[in-house]
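Peer 1: The structure that follows is given in the form of C-alpha cells.
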Amino acid sequence: MAPLRQDTWMAGVFFIAGLVLLAAGVFIPRATPPSLLIGPLAISCAGIALRRRAPILTLVLGFVSLLGDILLGPSLGTVLIFTDNIYAAALYGPAPLSRALLRITPVITLVIGAAAGYAAQDWRAIAIVGVQAGLIGIGPVITAVIVRQHRDQAEAERTRAEQIARLAELDQQLAITAERTRMARELHDLVANHFSAIAIQSSGVLSRSDLEPRAVQAILESIRENSVQGMAEMRAMIGLLRAETPDQDEPTRRRLADAGDLIERSGLRATLTVNGSARDLPAAVDLAAYRILQESLTNALKHGTAPADVTLDYGPNMVIVTVDNPVGDHHPILPGAGAGLVGMRERATLIGGAFEAGPYLNGWRVRAELPLPEETP
C-alpha cells in the first residue's frame, strides 16, 4: 500500500476509534455538549492524513485540535491522536523543526506541570500533570528523533555503498581501457610488419619482368603467409578501444617461448614444465599468453609464499598456461586490486579464449586456455 493511501486509511481508522471512545464516555464532561468534541477529533485525524505531505500543517492541526479539545472537555481519543501529530512533524518535517520540538517540549512540560501545581496548591499535581504532559509531548518527539537518525544513517550508508560500487565499476572500466590500449600498441607493430612485407614483395614482383617462375612462386608464397598472419592480427584487433600515444616507443614482440627467461627475470622461484611440442604461435596468441604469464608471475611474487609451478601445454588446437602458487592465510587487499585479473581476462576473451583465477587446493591458480586459429589450406 502506498504511504499516502496508508495515511488516509490510518486517519479513518483513528477517527472511528475516537468516536468509539467518545461514545463510551472516555472524556471529562463539561457544560458543552459532548458532540462538540467530534470537531477537534476530526481536525487531529485530518493531520494524520497529511502527516507525510504536509508535516508542518499536521503539527498546526494537532495543536488546534488539542486546544479545542481541552476547552470543550478533554477526551482521550484526541489526546492520543495528537501524539501522532507531533511525532509525524518531528519525523517527516524539516530538521530544524525536529530540533526545535526537542528543545521546546520539555519547557512546555515544565510550565504545564508548574501551572497545575500552582492551581491545585499541591506539589503532587506537578508530578502527575508533568508526567502526563511529558508522555504526550516529549515521548513522541524523542521517538521521532531516534527513528529519524536511524533513517538518515541508513540512507547515508546506502548512498556510500552506491558510490563505492560506482567507483569500482569505473576502476574496472579504466583497467579494461588501459589494457586494450596497450594491446593495440603492441599489435600495431606486428600488423604493420605483415602488410609492409606484402607491399614490398608485391612491388618487387611487379617491377621485375625477368624473374624466374620459382622466384615468383617463392615470393607469392611469402605474400600469402604474411596475408594469413596479418588477417589473424586484424581479427585480434577488432573491438579494441584504440588510444595511441605516438610519443611512446612501441614494445618489441614477446613470445611464450621466452617463458624461461621471463621467470628468471621476475625473481620468482618457480618450476617450468612444458607439455607437448613448443612451437611458434600466432602473434596474437603468443602475445596474450606471454602477458598473462607475466602478470601471473607478478601476482605470485607479491602474494606467494613458496615456489610457483608454471605449466605450458601445447596442444594441436590450443595452448594452455597454468600458474599455481601457494599463498599465505592473510594478504593485503590494496586499492585497485583486481585490475591485473581484469586485464588477463580481457586478453584471453579478445582472442576467443577462456580465463579463470581463484583459490585452488592450498594456494591460487591462474589458468588461461587460448585457442589456435585453424590453418588456411
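Numbering-wise, our numbering comes out as the position in the sequence shown, counting from 1, plus 287. C-beta: ideal position from N, C-alpha, C; glycine also. Please read these numbers as outputs of a predicted model, since none were measured by experiment.
(1) Provide the residue span of the alpha helix (DSSP H) that contains D356, from first to last.
(2) Using the C-alpha atoms, what's the distance from P427 back to G591?
(3) Which word fits E466, buried or exposed, when buried means at least 16 other C-beta atoms lie within 10 angstroms of its C-beta?
(4) Taking F302 as the reference, give the member of I368, N586 and R292 with the closest Cα.
(5) Hey, P613 and R556 are a contact pair by Cβ (cut 8 Å); roughly how many whole angstroms apart?
(6) Is the beta carbon of V629 closer than 8 Å to that of S583?
(7) Could you please give the first and the last residue of the uninterrupted beta strand (DSSP E) stretch that includes E654?
(8) Taking the alpha carbon of T558 as the point to measure from, which residue in D458, S564, L549 and E643 has its own alpha carbon closest?
(9) Please state whether DSSP places E499 in a helix, a strand or coil.
(10) Identify, in the order they occur along the chain, each residue of the same chain with its Cβ nearer than 8 Å to the Cβ of L389, setting aside the five sequence neighbours on each side.
(11) Can at least three beta-carbon pairs, one atom from the stretch 599-612 and one from the stretch 565-583, be found at a separation below 8 Å?
(12) What whole-angstrom Cβ distance do T446 and G424 have, given they're in contact under 8 Å?
(13) Check whether the stretch 395-410 and the stretch 446-460 are in contact - that is, three or more C-beta pairs closer than 8 Å.
(14) Under DSSP, the alpha helix (DSSP H) around A318 begins and ends at which residues?
(15) Excluding the 5 residues preceding and the 5 following I395 in the sequence, name in chain order all residues of the same chain whose CB lies nearer than 8 Å to its CB.
(16) Can you give me the C-alpha to C-alpha distance between R578 and V572, rounded to a whole angstrom?
(17) Touch check for the stretch 302-315 and the stretch 338-355: three-plus C-beta pairs under 8 Å?
(18) Using beta-carbon positions only, say whether L574 and A546 come within less than 8 Å of one another.
(19) Taking its Cβ as the centre, do 16 or more other Cβ atoms sit within 10 Å of S490, making it buried, or is it exposed?
(20) Report the residue ranges of all alpha helix (DSSP H) runs contained in full by the stretch 377-440; include only those spanning at least 4 residues, in chain order.
(21) In terms of residue numbering, what span does the alpha helix (DSSP H) encompassing I335 cover?
(22) Whole angstroms are fine: how far does the CA of W651 sit from the CA of G645?
(23) Tell me which residues share the same chain as A544 and place their Cβ nearer than 7 Å to its Cβ, disregarding the 5 neighbours each side in the sequence.
(24) Could you give the first and the last residue of the continuous beta strand (DSSP E) run that contains D600?
(25) Identify, in the order they occur along the chain, each residue of the same chain with its Cβ nearer than 6 Å to the Cβ of A298, setting aside the five sequence neighbours on each side.
(26) In angstroms with no decimal places, state the Cα-to-Cα distance between L324 and I415.
Peer 2: Quick answer:
(1) Here the alpha helix (DSSP H) through D356 covers P342 to L359.
(2) 59 Å
(3) buried
(4) I368
(5) Contact doesn't hold; Cβ gap of about 11 Å is too wide.
(6) no
(7) Note that residue 654 corresponds to Arg in the displayed sequence, not to Glu. Element bounds for R654: G650 to P658.
(8) L549
(9) coil
(10) For L389, the CB contacts under 8 Å within the same chain, skipping 5 residues up- and downstream, are A377, V428, I429 and V432 in chain order.
(11) yes
(12) Incorrect: roughly 33 Å between the Cβ atoms, too far for contact.
(13) no
(14) Run containing A318: none; DSSP gives neither H nor E here.
(15) A420 and G424
(16) 10 Å
(17) no
(18) no
(19) exposed
(20) Under the rule that a run must span 4 or more residues, the alpha helix (DSSP H) segments found entirely inside the stretch 377-440 read 382-407 and 410-423.
(21) Taken as a continuous stretch (DSSP letters only), the alpha helix (DSSP H) holding I335 covers I325 to A336.
(22) 6 Å
(23) Within the same chain, A544 has close Cβ partners A565.
(24) A595 to Y601
(25) C332, I335 and A336
(26) 24 Å
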